[in-house]
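*Asks:* Quick note: the sequence shown uses UniProt numbering, first residue 1, plus one each step. Don't be surprised by glycine CBs; every beta carbon is placed ideally from N, CA and C. Okay, handing you the structure first.
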Amino acid sequence: MPYTSHGHWYGPGEPAQPEPTLKARCGGPALCPVCMREAASPDSSTEEGSR
């Protein structure tokens, strides 16, 4: 499932379930440099947001 380590969905279509239990208030891939970098690199996705 394409979620960033901050717990934001960046994949195509609707978010996969279950969503991460933790989600950072960073702005997601549109605003956060960490999320942007992870969304641009498909092999860096995490299944469960941890930060």
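Is DSSP giving Ala24 helix, strand or coil here?
*Replies:* coil
*Asks:* Please identify the residue among Leu31, His6, Pro2 and Cys26 whose C-alpha is closest to the C-alpha of Gln17.
*Replies:* The shortest C-alpha separation from Gln17 is found at Pro2.
*Asks:* What is the rounded straight-line gap between the Cα of Cys26 and the Cα of Cys32?
*Replies:* 6 Å
*Asks:* Three-state secondary structure (DSSP) at Pro33?
*Replies:* helix
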